[in-house]
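Take the sequence shown: its letters are residues 62 to 271, numbered as in this note's numbering.
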Amino acid sequence: MHDAKLIWITPDAEALIGKIARVSNPKNEDNPNVEGLLKYLIKHKHWSPFEMASMCVEIHTTRAISPQILRHRSFSFQEFSQRYAIPTDTFATVLPDLRRQDFDNRQNSIDDLEGETTDYYRERIDAHFRESVQLYESLLHSGVAKECARSVLPLNTVTRLYMSGTIRSWLHYIALRGDNGTQLEHMKIARSVGEILDTELPTVSRAMWG
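Below, the structure is given as structure tokens:
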């Protein structure tokens, strides 16, 4: 839960970025040695060549987190629709991890609640989720439209979406959402995407994050 997997990426993306970055030096455009060039581009914040390659990932998360992801407007998205499909057929509600509010930093939470507290509330949340799903299924059984019945489902109903964007957008997304200040569940997704880039674009990743 709260992770990403690769769907597609521009073939030979690093070589392509290097080639296009050398557009003003056509005699050297096809030079396969791009490591130093990519480092230079990132160091000096020349981002436009990184818009010439793209990547698409599939993300598994919950309805509580997907709106945070959809705020990144430089990407294109396609999300599982509860208007047309029944999420309880192949999806589920998942119990949230419970953390204490950090009152010094409203964007942070602290994982130090006592076990008795989390156990007590997780039992109550589980009962609440089960009742919500039963109500949802009852509404459908009575002929209520999916687009109306979905309103009773918890935010922690699992969803799935595709997210596509340029490598430039992905680098900035990972830098922003993979660091402190992001909700932990969203941070896990960003770091999962970072691992994909580490594998697919190792030179770019080293130049970006060292």
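Note that CB positions come from ideal geometry on N, CA and C, so glycine has one too.
Minimum Cα-Cα distance from Ala-74 among the listed residues Phe-111, Glu-140, Tyr-101, Pro-157 corresponds to Phe-111. If you check the CB distance, Ser-230 and Ser-135 come in under 7 angstroms.
Remark: C-beta atoms of Arg-185 and Leu-174 do not approach each other more closely than 7 angstroms.
The straight-line gap separating the alpha-carbon atoms of Thr-218 and Phe-138 is approximately 18 angstroms. The alpha-carbon separation between Gln-168 and Asp-64 amounts to approximately 21 angstroms.
Distance check between Gly-271 and each of Cys-117, Asn-86, Glu-96 places Glu-96 closest, using alpha-carbon atoms only. The shortest C-alpha to C-alpha distance from Gln-244 to any of Met-62, Gln-129, His-202 is the one to Gln-129.
Contiguous alpha helix (DSSP H) elements confined to the segment 74-115 occur at 74-82, 96-104, taking only those with 4 or more residues. By the beta-carbon neighbour count (other beta carbons within 10 angstroms, threshold 16), Ala-268 is buried. Taking 7 angstroms as the cut-off, the beta carbon of Ala-188 is found no closer than this to the beta carbon of Tyr-197. Taking a contact to require three or more Cβ pairs closer than 8 angstroms, the segment 72-88 and the segment 112-123 qualify as touching. For Met-224, the enclosing beta strand (DSSP E) starts and ends at 219-227. Taking a contact as a CB-CB distance under 8 angstroms, the pair Leu-216 and Ala-125 counts as one, their CB atoms being some 4 angstroms apart.
For Ala-206, the closest of Glu-261, Ile-103, Gln-143 by C-alpha to C-alpha distance is Gln-143.
Between Phe-141 and Leu-222, the beta carbon gap of about 7 angstroms places them in contact (Cβ cut-off 8 angstroms). According to DSSP, Thr-260 shares a beta bridge with no other residue.
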